[in-house]
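**Q** Each residue of the sequence shown is one higher than the one before, starting from 1 at the first, in full-length UniProt numbering.
Backbone N, C-alpha and C define an ideal beta-carbon position, used for all residues, glycine too.
Would you mind keeping the following structure in view while I ask a few things?
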Amino acid sequence: MCVFTKRPFELFFRNKDFDALRAITKKLQDFARWMIIDPRDTELAQAQCRELNSQIPLLYLLLMVNAIAVAYTHRDVAPGYLTIGVLVPMLLLTTFRLISWLRSRGVDLGPKQAVRKLRQTVLLGSMVSVVYITWSLSLEGYGTPVEQGHVALFIAITVIGCIFCLMHLPQAAIMVMLIVTAPYLVYYLSKGQDVYTAIAMNIFLVCLVILKVLLNGYEAFSNLIKSRSELAAKHQETERLNAENERLSQTDFLTNLPNRRYFFNRLDRQIETVAGTDAVFAVGVIDLDQFKPVNDTYGHQVGDQLLMAVGDRMEALGVQDLEISRLGGDEFGLLFLGPPETAADVAKALCESLQQPFKIGEISVAIGASCGIAFYPDAGTTTHMLFDRSDYALYNSKTTARGSVTVYSADHEARIRSERAIESALQCADIAAEFEVHFQPFVALSKQTIIGFEALARWNSPELGRIPPDVFIQVAERTGQIQRLTIQLFCKAIRQIETLPDTLRMSFNLSAHDITSHETVSRILDIISERKFDPKRITFEITETSVIGSYEAAEACLKRLQDAGCRLALDDFGTGYSSLGYLHRLPIDCVKIDRSFISCLDDPMTGGVVASILNLCRSMQITCVAEGVEEAAQVDALQQLQCRFAQGYHFCPPKPFADIKQSIDETGTIAGLPIISADHNDLLRSSAN
């Protein structure tokens, strides 16, 4: 039993001894690595070199002065080879090292160079110490006690001075102290002189204390450098994270292209760079055509993949000096720093590349792109001006020639100034006084009878004169004044039409903003209710392009109008991209054939298109109205095609309500055409179906 209980204790003590030995070994290894200058701590080594550059020269100067003083006091008592022969090479070596250190001042050494220099300093310091202690002890045997005391003082002062000068390189200080004080102490112990032995012992102990203080100071210095290093590392990491955050904040997460924030910051910097020079560069805006229908039809996931593919395709063109950013939605910004004369061609190449079909999974989709370009400094010298001009050029492309590139010009500048004047006038306009509603009748061709009117807005500005509707409507939409305008004009039209016979209908146009604003629709329905006007007598006209932007919102608003009893008409039918699709998707009651078809009815192909539209409407039980009829021949052609309703200058131009009212009150006709009466039940039913 004792055997079994004794062995674990033996193993325990053996393991403890082994651990202690291993700990001692590790400490010795760490000390040895420290003594030879650990190459892993390069920042500390560089800091040590910077400090030593101002201290080592003082060390060598101290050695030279003290050595010369000792040689001088021993000139008459010691052999010449010791005072002169040995001293001169020592001074030459010391002077060489002094000059070497002086020349290295202000020079930042690399990590490896710093470690190498510290190691050289430790080695050379040890060698110089050997030379000087050997020389000084060789002189100790000559002269009187005074000269011998000078040698002892020389050794003491010199070693203490050297230790202080080497405070930032304690490895060298330790070597110098050991090399100097150990032989010094042994030498005087061997001579048996109590006074000099006590002096040597005192110097040794003082050196130990100084060395301890030096090591404490070095530890504080080392910790300071490490703290600075850690702070610098943290600062670098913070800067890296800030740079990464800045990059992410200026990168579009979907396409990985620079985003809107980057685009405008980059444009600001570019303008600052070229300010005061003759440099010219181009700013462009690209907007995708038909992206919204793709997004609505296939969902946002396909839409996102399409946007990524668009970004990849534009970047794949590899156009030099071109920066592409995603501004948001399906809009992209361009900054072209290449030759100005090639900017339009570059934009055209981008648009043409986007017209090619995209393969998204199993789906093949075709879109297009329109672009507007503005040049610095012709179009503007600020970020806002350049972007505003390029966006205006884009708007011109999308409204006049989709898929094209428009370069901002002086004509556009004149138009902008005109529109700004209109904006200002519209802001201050008294809508009740300056705006009026004109009415143009639409006619039942079979009876040549007026069955209703289209209400058309007219503006006669006191400052600018008459402004065309297509101009002020666009300005009102862009400046957010369309709701105010729509509500007041609708209210005026209702008040006027309700004074006419209740067999007459009214058609009123709604803008893209109107049919997506529940607030506007609610106000319209409130007016109808407040005026106690029969909603079945009202038809709201919309265009296909006004629906494309926000189909879901438009569908909800239009359904509210239809549920209230109002009818809906699709205006300018045949000029859009997908009119047939919207006939099925929207709650349409009436279609108005665009005037561009009516004006070319004598063309067999156009006549065939009109006949097809009429047949389609009959099959879908949708009322069809031909607008823009200006000639009797067009009326005959429409009657042959069995078109039942028409509108145009051939019958009557738009007239102020006062003229309409007066004509009906006096003659019961307008432009010689009778108004519909309750007896024409068949026409009333037809116009309501």
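Between the C-alpha atoms of ILE675 and GLN483, what's the straight-line distance to the nearest angstrom?
**A** By one-based count along the sequence shown, residue 675 stands at place 675. By one-based count along the sequence shown, residue 483 stands at place 483. If you take the alpha carbons of ILE675 and GLN483, they lie about 32 Å apart.
**Q** CYS165 and ILE37: beta carbons closer than 8 Å?
**A** The residue given as residue 165 occupies position 165 in the sequence shown. The residue given as residue 37 occupies position 37 in the sequence shown. It is not a contact, given that the beta carbons lie outside the stated cut-off.
**Q** Note down, one range per segment and in chain order, each beta strand (DSSP E) of at least 3 residues found wholly within the region 421-453.
**A** 435-444
**Q** My output table needs one value for GLU331: the three-state DSSP class, helix, strand or coil.
**A** Locating residue 331 in the sequence shown gives position 331, where the first residue counts as 1. The answer is strand: DSSP assigns GLU331 an E or B state.
**Q** For PHE358, list the residues DSSP reports as bridge partners.
**A** For the purposes of this step, residue 358 is taken as residue 358 along the sequence shown, with counting starting at 1. PHE358 pairs with VAL365.
**Q** Would you report the Cα separation of ASP304 and GLY311, rounded to the nearest angstrom?
**A** Residue mapping note: residue 304 aligns to position 304 of the sequence shown, counting from 1. Residue mapping note: residue 311 aligns to position 311 of the sequence shown, counting from 1. Going from the Cα of ASP304 to the Cα of GLY311 covers about 11 Å.
**Q** For GLY318, does the three-state DSSP call read helix, strand or coil?
**A** Against the sequence shown, residue 318 aligns to sequence position 318. In the structure shown, GLY318 sits in coil (DSSP, three-state: anything other than H, G, I, E or B).
**Q** Unbroken beta strand (DSSP E) runs of length 3 or more, entirely within the region 634-668: which are they?
**A** Secondary structure within the region 634-668: the beta strand (DSSP E) runs of 3 or more consecutive residues, fully enclosed, are 645-647 (chain order).
**Q** Quick check: the Cα distance between VAL417 and GLU230, rounded to an integer number of angstroms?
**A** For the purposes of this step, residue 417 is taken as the residue at position 417 of the sequence shown. For the purposes of this step, residue 230 is taken as the residue at position 230 of the sequence shown. This sequence places Arg at residue 417; Val is not what is there. Each residue's alpha carbon lies about 60 Å from the other.
**Q** Taking 8 Å as the threshold (C-beta atoms), are ASP287 and ILE367 in contact?
**A** Residue numbering aside, residue 367 sits at position 367 when the sequence shown is read from its first letter. Residue numbering aside, residue 287 sits at position 287 when the sequence shown is read from its first letter. Not a contact, by the Cβ cut-off of 8 Å.
**Q** Sort GLN647, ASP563 and TYR551 by Cα distance to ILE593 and report the nearest one.
**A** In the sequence shown, counting from the first residue as 1, residue 593 sits at position 593. For ILE593, the nearest C-alpha among the options comes from GLN647.
**Q** Given that a residue counts as buried once 16 or more other Cβ atoms are within 10 Å of its Cβ, and exposed if not, what is TRP101?
**A** Here residue 101 refers to the residue found at position 101 when the sequence shown is read from its first residue. TRP101 is buried by the Cβ-count criterion.
**Q** Return the first residue and the last residue of the beta strand (DSSP E) that PHE281 is part of.
**A** Counting from one through the sequence shown, the residue named residue 281 turns up at place 281. Here the beta strand (DSSP E) through PHE281 covers 281-289.
**Q** Tell me which same chain residues have a C-beta within less than 7 Å of the C-beta of CYS491, skipping the five on either side of it?
**A** The sequence position of residue 491 within the sequence shown is 491, counting from 1. So the qualifying residues of the chain are ILE527.
**Q** Could you tell me whether the Cβ atoms of LEU489 and ALA457 are closer together than 8 Å?
**A** Within the sequence shown, residue 489 is the residue found at index 489, counting from 1. Within the sequence shown, residue 457 is the residue found at index 457, counting from 1. In this structure, ALA457 lies closer than 8 Å to LEU489 by Cβ.
**Q** Please state whether the Cβ-Cβ distance between HIS168 and PHE204 is less than 8 Å.
**A** To locate residue 168, count along the sequence shown from 1; it is residue 168. To locate residue 204, count along the sequence shown from 1; it is residue 204. For HIS168 and PHE204, no; Cβs fall outside 8 Å.
**Q** As an exercise, report each continuous alpha helix (DSSP H) stretch of at least 4 residues that is fully enclosed by the region 77-142, in chain order.
**A** 87-103 and 111-139
**Q** For a test of the three-state rule: what should DSSP assign to SER578, helix, strand or coil?
**A** If you number the sequence shown from 1, residue 578 lands on position 578. Because SER578 carries a pLDDT of 46, less than 50, the predicted location of this residue cannot be relied on, and the following value inherits that uncertainty. Here SER578 sits in coil by DSSP.
**Q** Inspect the beta-carbon positions of SER390 and GLY372 and report whether they are closer than 8 Å.
**A** The residue you call residue 390 lines up with position 390 of the sequence shown. The residue you call residue 372 lines up with position 372 of the sequence shown. A contact, by the Cβ cut-off of 8 Å.
**Q** Take every Cβ of the region 154-161, pair it with every Cβ of the region 110-125, and state whether three or more of those distances are shorter than 8 Å.
**A** no
**Q** Does the region 254-263 touch the region 84-93, meaning 3 or more C-beta pairs lie closer than 8 Å?
**A** By the criterion of at least three beta-carbon pairs nearer than 8 Å, the region 84-93 is not in contact with the region 254-263.
**Q** Please identify the residue among ALA401, VAL213, ILE538 and TYR142 whose C-alpha is closest to the C-alpha of ARG75.
**A** By 1-based counting over the sequence shown, the position of residue 75 is 75. ARG75 has its Cα closest to that of TYR142, out of ALA401, VAL213, ILE538 and TYR142.
**Q** Cutting at 7 Å between CB atoms, please list the residues of its own chain near THR383, excluding the five before and the five after it.
**A** Locating residue 383 in the sequence shown gives position 383, where the first residue counts as 1. Excluding sequence neighbours, THR383 sits near PHE264, LEU267, ASP268 and ILE271.
**Q** Mind checking which residues open and close the beta strand (DSSP E) that includes LEU568?
**A** Taking the sequence shown and counting its residues from 1, one reaches residue 568 at position 568. Element bounds for LEU568: 567-573.
**Q** Work out the CA separation of PHE375 and THR669 for me, nearest whole Å.
**A** For the purposes of this step, residue 669 is taken as residue 669 along the sequence shown, with counting starting at 1. For the purposes of this step, residue 375 is taken as residue 375 along the sequence shown, with counting starting at 1. The alpha-carbon atoms of THR669 and PHE375 are separated by roughly 57 Å.
**Q** What are the boundary residues of the beta strand (DSSP E) that includes ALA220?
**A** As a position in the sequence shown, residue 220 is number 220, starting the count at 1. For ALA220, there is no enclosing beta strand (DSSP E); the enclosing alpha helix (DSSP H) covers residues 194-249.
**Q** At what residues does the beta strand (DSSP E) containing LYS592 begin and finish?
**A** Start at 1 with the first residue of the sequence shown, and residue 592 comes out as number 592. That run of the beta strand (DSSP E) goes 590-593.
**Q** Taking the alpha-carbon positions, what's the ALA658 to GLY452 distance?
**A** Within the sequence shown, residue 658 is the residue found at index 658, counting from 1. Within the sequence shown, residue 452 is the residue found at index 452, counting from 1. Cα to Cα, ALA658 sits roughly 16 Å from GLY452.
**Q** Quick check on GLY380: buried or exposed, where buried means 16 or more other Cβ atoms within 10 Å of its Cβ?
**A** Working through the sequence shown from its first residue, we reach residue 380 at position 380. Buried: at least 16 other Cβ atoms inside 10 Å.
**Q** Where does ALA156 fall in DSSP's three states?
**A** Here residue 156 refers to the residue found at position 156 when the sequence shown is read from its first residue. Looking at ALA156 - three-state DSSP - the assignment turns out to be helix.
**Q** Beta carbon of ASP571, beta carbon of ILE598: below 8 Å?
**A** As a first step, residue 571 must be located in the sequence shown, where it is residue number 571. As a first step, residue 598 must be located in the sequence shown, where it is residue number 598. ILE598 is positioned such that its CB atom lies no closer than 8 Å to that of ASP571.
**Q** Determine which residues share a DSSP beta bridge with ALA626 and list them.
**A** Numbered from its first residue, the sequence shown carries residue 626 at position 626. DSSP output for ALA626 lists ILE593 and ALA646 as bridge partner(s).
**Q** Which class does GLU323 belong to by DSSP, given the choice of helix, strand or coil?
**A** Working through the sequence shown from its first residue, we reach residue 323 at position 323. In the structure shown, GLU323 falls within a strand segment according to DSSP collapsed to helix, strand and coil.
**Q** Should the region 331-346 be called in touch with the region 237-246, which here means at least 3 C-beta pairs below 8 Å?
**A** no
**Q** With a CB to CB cut of under 7 Å and the five nearest residues on each side skipped, what residues in its chain are close to VAL677?
**A** The sequence position of residue 677 within the sequence shown is 677, counting from 1. The amino acid occupying residue 677 in the given sequence is Ser; Val does not appear at that position. Here the set comprises THR503.
**Q** Please classify LEU541: does DSSP put it in a helix, a strand, or coil?
**A** Here residue 541 corresponds to residue number 541 of the sequence shown, with the count starting at 1. Looking at the sequence shown, residue 541 is not Leu but Glu. Note: GLU541 maps to strand in three-state DSSP.
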